[in-house]
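What follows is a single structure, written as structure tokens, with notes after it.
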Amino acid sequence: MESSADFVMNDPDQALGFMMADAGYDVWLGNNRGNYYGRQHVTLSPEKPEFWDYSWNEMAFYDVPAMLSYVRQASNVEQVFYVGHSMGCALLFAAMHYHPHVNSWIRVVAGMAPSSYTYHKRGPIGFLAPFIDRLDRELTKRGIVELLRLDPETSSTVSEVCGSKSITNFVFLYYFVEEDRIMLISDLLSYTTGTGLHVFTHLLQLHRSRRFQAFDYGEERNLEKYGTPLPPPLLNRVKVPVGLFYSDNDWVVDALDVLRTASELPSLALLHRVPLKDFNHLDFLWSENAHYLVYHPLIRFFNDFP
């Protein structure tokens, strides 16, 4: 539901992508299926339901290893430094579960607001969790399999809404606090939103189950697919050094959930709490304060692993 644009949209001295490049890193920016940059497929069209028949299970199993393999080959390196925000971090943890050898490809991980556990999620979205499986089935029957689609050609409506005094878009009510960044974000949303229904379903399943697990198909199909009534847990094969960055005001990934993730990582190397009371989930990407509250400590953390 985000994209590579998040890492370069701020001013060059405030955007993590540029700051990493200035620090001497060869920067590669990844994209998930379904966002503005992730709609190309060899055989499937995003206008067809088949394109959207995936959860982030598939993104972790196929896409993350494919991107890492490409970067390693193109850069001619054995290991990469990995930065993930929210689901971007959780996807790597899951990829390491499905493909333990991926650990050998990673030097160190920096996870900003990692969404492995989300039970303490606040706000209205969590209220859908008890009904999400039925909602997924009904929407799929009706062919509604793509969510939050926006693109530059349709961004004028977003700009009008986000430019008003009364912010009605849930993104700002739920994720963001800095009003002086609203116009920047209204432009950025045109390039970042868009995902499959099953991705959203999977995220709410995690909230409901209190577990970081694979997609839940129901007991019968789980037995067929996984060999167990419950989906397998996904945080048990992370072996590389991990630094986690979190905030107390994050409505999506609560501090309690990050601390749980930290307690289950055998090689936790850093636990960094953002020292700003109102710092929220998307502030990690879009805040004008993120460069000194998060990015400078993150780069120093990476520099400790030559």
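Per the working numbering, numbering through the sequence shown is continuous, rising by one, with the last residue being 297. For glycine and all other residues, C-beta sits at the position ideal for the given N, C-alpha and C.
(request) Could you pull out every residue in the same chain whose Cβ sits closer than 8 Å to the Cβ of N94, ignoring the five residues on either side in sequence? (result) As a first step, residue 94 must be located in the sequence shown, where it is residue number 103. Correct list, in chain order: M87, R228, V229, K230, V231.
(message) Extract the residue ranges of the beta strand (DSSP E) inside the segment 212 to 251, only unbroken runs of 3 or more that lie entirely within it.
(response) 233 to 237
(message) Taking its Cβ as the centre, do 16 or more other Cβ atoms sit within 10 Å of H32, making it buried, or is it exposed?
(response) For the purposes of this step, residue 32 is identified with residue 41 of the sequence shown, where counting begins at 1. By the 10 Å Cβ count, H32 comes out exposed.
(request) In angstroms with no decimal places, state the Cα-to-Cα distance between F9 and A85. (result) In the sequence shown, counting from the first residue as 1, residue 9 sits at position 18. In the sequence shown, counting from the first residue as 1, residue 85 sits at position 94. Taking the straight line from one Cα to the other gives about 28 Å.
(message) Less than 8 Å between the beta carbons of V233 and M103, yes or no?
(response) Along the sequence shown, one-based indexing puts residue 233 at 242. Along the sequence shown, one-based indexing puts residue 103 at 112. No, they are not a contact pair.
(message) Quick check on the burial criterion: 16 or more other C-beta atoms within 10 angstroms. Buried or exposed for S60?
(response) Counted from its first residue, the sequence shown places residue 60 at position 69. By the neighbour-count rule (16 or more Cβ atoms within 10 Å), S60 is not buried but exposed.
(request) From the DSSP output, read off the bridge partner residues of L259. (result) Locating residue 259 in the sequence shown gives position 268, where the first residue counts as 1. V233.
(message) As a quick exercise: from K216, R113, P220, Y283, pick the residue whose alpha carbon is nearest that of D248.
(response) Here the question's residue 248 lines up with position 257 in the sequence shown. Measuring from the Cα of D248, the nearest candidate turns out to be R113.
(message) Assuming M87 is part of the beta strand (DSSP E), what are its boundary residues?
(response) The residue you call residue 87 lines up with position 96 of the sequence shown. Run containing M87: none in the beta strand (DSSP E); it sits in the alpha helix (DSSP H), 78 to 89.
(request) Using a threshold of 8 Å, state whether the C-beta atoms of S77 and T192 are closer than that. (result) Taking the first residue of the sequence shown as 1, we reach residue 77 at position 86. Taking the first residue of the sequence shown as 1, we reach residue 192 at position 201. Their beta carbons are not under 8 Å apart, which means S77 does not touch T192 by this criterion.
(request) Identify whether L267 lies in helix, strand or coil by the three-state DSSP scheme. (result) For the purposes of this step, residue 267 is taken as the residue at position 276 of the sequence shown. In the structure shown, L267 sits in coil (DSSP, three-state: anything other than H, G, I, E or B).
(request) Could you tell me which residues DSSP pairs with Q204 in its beta bridges? (result) Taking the sequence shown and counting its residues from 1, one reaches residue 204 at position 213. DSSP output for Q204 lists P224 as bridge partner(s).
(request) Could you name the residues that DSSP lists as bridge partners for Y73? (result) By one-based count along the sequence shown, residue 73 stands at place 82. The partner list for Y73 (beta bridge, DSSP) reads V100.
(message) So T109 and L188 are supposed to be a Cβ contact under 8 Å. How far apart are they, rounded?
(response) Numbered from 1 along the sequence shown, position 118 holds the residue referred to as residue 109. Numbered from 1 along the sequence shown, position 197 holds the residue referred to as residue 188. So it is not a contact: roughly 18 Å between Cβ atoms.
(message) The alpha helix (DSSP H) that contains Q64, what's its start and end?
(response) For this step, residue 64 is matched to residue 73 along the sequence shown. 55 to 66 is the extent of the alpha helix (DSSP H) around Q64.
(request) For Q64, count neighbouring C-beta atoms within 10 Å of its own C-beta (all shown protein chains included) and say buried if the count is 16 or more, exposed if not. (result) Start at 1 with the first residue of the sequence shown, and residue 64 comes out as number 73. That one is exposed.
(request) Grab the span of the alpha helix (DSSP H) containing K132 for me, first residue to last. (result) Within the sequence shown, the letter at position 141 stands for residue 132. Looking at the DSSP string, the run of the alpha helix (DSSP H) that includes K132 is 123 to 132.
(message) Given a cut-off of 8 Å on the beta-carbon distance, is the pair P223 and Q204 in contact?
(response) Mapped onto the sequence shown, residue 223 falls at position 232. Mapped onto the sequence shown, residue 204 falls at position 213. Yes, they are a contact pair.
(request) Find the nearest neighbour of R133 within the set N22, K39, W277, R251, judged by alpha-carbon distance. (result) Residue 133 sits at position 142 when you count from the first residue of the sequence shown. Comparing Cα positions, the closest option is K39.
(message) On the criterion of 16 or more Cβ atoms from any shown chain inside 10 Å, does P37 qualify as buried, or is it exposed?
(response) For the purposes of this step, residue 37 is taken as residue 46 along the sequence shown, with counting starting at 1. Result: buried.
(request) Enumerate in chain order the residues of its own chain whose CB-to-CB distance from I158 is below 6 Å, with the five nearest sequence positions on each side excluded. (result) For this step, residue 158 is matched to residue 167 along the sequence shown. Reliability of the predicted coordinates at I158 is poor, the pLDDT of 40 falling under 50, and the value obtained from them is presented with this limitation in mind. Nothing listed; no residue qualifies.
(request) Give the secondary structure of G8 by DSSP, where H, G and I count as helix, E and B as strand, and everything else as coil. (result) For the purposes of this step, residue 8 is identified with residue 17 of the sequence shown, where counting begins at 1. The answer is helix: DSSP assigns G8 an H, G or I state.
(message) For G29, which residues in the same chain have their Cβ closer than 7 Å to its Cβ, ignoring the five residues on either side in sequence?
(response) Residue mapping note: residue 29 aligns to position 38 of the sequence shown, counting from 1. Closer than 7 Å at Cβ, skipping near neighbours: N22, N23.
(request) Given a cut-off of 8 Å, decide if V244 and S106 are closer than it, judged by their beta-carbon atoms. (result) Taking the sequence shown and counting its residues from 1, one reaches residue 106 at position 115. Taking the sequence shown and counting its residues from 1, one reaches residue 244 at position 253. In contact: S106 and V244 (Cβ atoms closer than 8 Å).
(request) Pick out whichever of K216, S238, S(-5), G15 has its Cα sitting closest to the Cα of G25. (result) Translated into positions along the sequence shown, residue 25 becomes position 34. Out of K216, S238, S(-5), G15, S(-5) has the C-alpha closest to the C-alpha of G25.
(request) Decide if G218 is buried, meaning its Cβ has at least 16 other Cβ atoms within 10 Å, or exposed. (result) Here residue 218 is taken as the residue at index 227 of the sequence shown, counted from 1. It counts as exposed.
(message) Taking the straight line between their C-alpha atoms, what separation do you get for Y182 and Q196?
(response) As a working note, residue 182 is residue 191 in the sequence shown. As a working note, residue 196 is residue 205 in the sequence shown. A caution first: Y182 carries a pLDDT of 47, below 50, which makes its placement in the model unreliable, though a value can still be read off. Going by the C-alpha atoms only, they are around 26 Å apart.
(message) Measuring only the C-alpha atoms, how far is R251 from R202?
(response) Taking the sequence shown and counting its residues from 1, one reaches residue 251 at position 260. Taking the sequence shown and counting its residues from 1, one reaches residue 202 at position 211. The straight-line gap from Cα to Cα measures roughly 11 Å.
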